[in-house]
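> Under numbering that gives the first Met the number 0, the first residue of the sequence shown carries the number 0, and numbering increases by one thereafter.
From the three backbone atoms N, C-alpha and C, an ideal C-beta is built for every residue, glycine too.
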Amino acid sequence: MTNPAPDPTGQAAESQHSNAESILGTIGVANRAAGATESRSASRMWWDADADDYQAEHGAFLGDTEFVWCPERLREREARLLGDVEGSRVLEVGCGAASCSRWLAARGARPVGLDISGGMLGHALAGNERSGIHVPVVQASADMLPFASDSFDIACSAFGGVPFVADSGAVMREVARTLRPGGLWVFAVTHPIRWVFPDDPGPDGLTAVGSYFDRSPYVEINGTGRATYVEHHRTLGDYITQLDDAGFRLRGLVEPEWPDDLTETWGQWSPLRGRTLPGTAIFRCELVA
Numbered sequence: 000m001t002n003p004a005p006d007p008t009g010q011a012a013e014s015q016h017s018n019a020e021s022i023l024g025t026i027g028v029a030n031r032a033a034g035a036t037e038s039r040s041a042s043r044m045w046w047d048a049d050a051d052d053y054q055a056e057h058g059a060f061l062g063d064t065e066f067v068w069c070p071e072r073l074r075e076r077e078a079r080l081l082g083d084v085e086g087s088r089v090l091e092v093g094c095g096a097a098s099c100s101r102w103l104a105a106r107g108a109r110p111v112g113l114d115i116s117g118g119m120l121g122h123a124l125a126g127n128e129r130s131g132i133h134v135p136v137v138q139a140s141a142d143m144l145p146f147a148s149d150s151f152d153i154a155c156s157a158f159g160g161v162p163f164v165a166d167s168g169a170v171m172r173e174v175a176r177t178l179r180p181g182g183l184w185v186f187a188v189t190h191p192i193r194w195v196f197p198d199d200p201g202p203d204g205l206t207a208v209g210s211y212f213d214r215s216p217y218v219e220i221n222g223t224g225r226a227t228y229v230e231h232h233r234t235l236g237d238y239i240t241q242l243d244d245a246g247f248r249l250r251g252l253v254e255p256e257w258p259d260d261l262t263e264t265w266g267q268w269s270p271l272r273g274r275t276l277p278g279t280a281i282f283r284c285e286l287v288a
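1. Which complete beta strand (DSSP E) runs does the segment 25–82 hold, if anything under 3 residues is left out?
2. Per DSSP, which one or two residues make a beta bridge with Arg283?
3. Taking the alpha-carbon positions, what's the Gly246 to Arg214 distance?
4. So what does DSSP say about Val195, is it helix, strand or coil?
5. Look up Cys94 in the DSSP assignment and say whether it is helix, strand or coil.
6. What are the residues that DSSP puts in a beta bridge with Val155?
7. Give the straight-line distance between the Cα atoms of Ala104 and Phe151, rounded to the nearest whole angstrom.
8. To which residues does DSSP link Leu113 through a beta bridge?
9. Take the Cβ of Ser21 as the centre, count every other Cβ of all protein chains shown within 10 Å, and call the residue buried at 16 or more, exposed below.
10. Between which two residues does the alpha helix (DSSP H) carrying Thr177 extend?
11. Along the chain, where does the beta strand (DSSP E) that runs through Thr227 open and close?
12. Quick check on the burial criterion: 16 or more other C-beta atoms within 10 angstroms. Buried or exposed for His232?
13. When we look at the beta-carbon of Leu205 and count the other beta-carbons within 10 Å, is it buried (16 or more) or exposed?
14. Taking DSSP as the reference, what is the three-state secondary structure of Pro162?
15. Let me check one thing: in DSSP terms, what residues is Asn221 bridge-paired to?
16. Out of curiosity, what's the CA-to-CA distance linking Thr1 and Arg179?
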């Protein structure tokens with residue numbers, strides 16, 4: 000899963016990732032575009048720099064062999080969005096430490112985890128050793144999948160890959176290419192409505208300050224102007240259009256509600272905001288045969 004969605008005002012909130020920012024020399028936010036190559040480079044650098052801190056902060060929540068879709072703690076064993084996975088070839092896009100892939104493997108699936116960050120994949124391999132469940136992992140970008148056509152029955156992504164590429168339509172097309180006809184594609188992203196609100200888990204995060212229709216990316220830069228973190232915004236309509244163009248049929252859209260017993264704050268996700276605004280959107284799609 001990703002960092003909190005950015006503050007649409009362009010003012011950086013108090014950072015929970017100061018170590019990565021220090022490593023990369025981040026100095027602030029730039030109001031400019033970021034293309035495909037720069038977005039890939041920034042994501043690779045960012046997640047390599049933040050991998051250890053991310054796992055230290057969120058590893059216990061995510062577990063080594065659990066499938067958690069989102070900060071609202073929706074688990075696949077409860078949601079069943081992927082259905083019966085036994086015997087299925089599964090691609091996890093943006094796998095991070097690959098806990099979801101190990102959960103799938105434990106249920107008889109044949110998963111492959113893909114991530115752009117070698118640092119995160121290092122944690123995936125460490126998780127394989129700790130759990131005794133060894134899933135293969137591949138380093139690549141979500142918009143350039145290094146697999147043959149019709150390689151998988153299911154593709155999934157729990158906050159991985161999709162928001163960090165310049166053209167998420169390319170991700171949809173690549174996933175469609177690598178799925179067999181009738182295959183399932185289920186992915187979770189920050190709910191697009193969150194782009195309108197400041198990156199603040201408290202009361203200030205409940206006041207809209209930006210435009211839902213502003214697709215300008217959030218770009219952090221270092222002293223030379225190089226992007227060190229990039230995240231792209233799409234509306235719900237954008238995602239649905241991209242899915243349709245790639246040959247998918249939308250089977251469901253899940254907006255997980257905040258559980259009453261969950262008191263943990265994760266970046267912009269908090270009990271206060273979670274009971275007022277949706278924080279996650281999960282798209283469940285079938286590739287039309």
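With the given structure in hand:
1. 25–29
2. Val185 and Gly251
3. 23 Å
4. helix
5. coil
6. In the sequence under discussion, the amino acid at residue 155 is Cys, which differs from the Val named in the question. Note: Cys155 sits in a beta bridge opposite Glu91 and Val185.
7. 14 Å
8. By DSSP's assignment, Leu113 forms a beta bridge with Val92 and Val137.
9. exposed
10. Ser167 to Thr177 is the span of the alpha helix (DSSP H), which, as asked, contains Thr177.
11. Ala226 to Glu230
12. His232 should be labelled buried.
13. exposed
14. helix
15. Thr25
16. Residue placement at Thr1 is flagged as unreliable, the pLDDT there being 47, under the threshold of 50; the coordinate-derived value follows with that caveat. Their Cα atoms are separated by approximately 28 Å.
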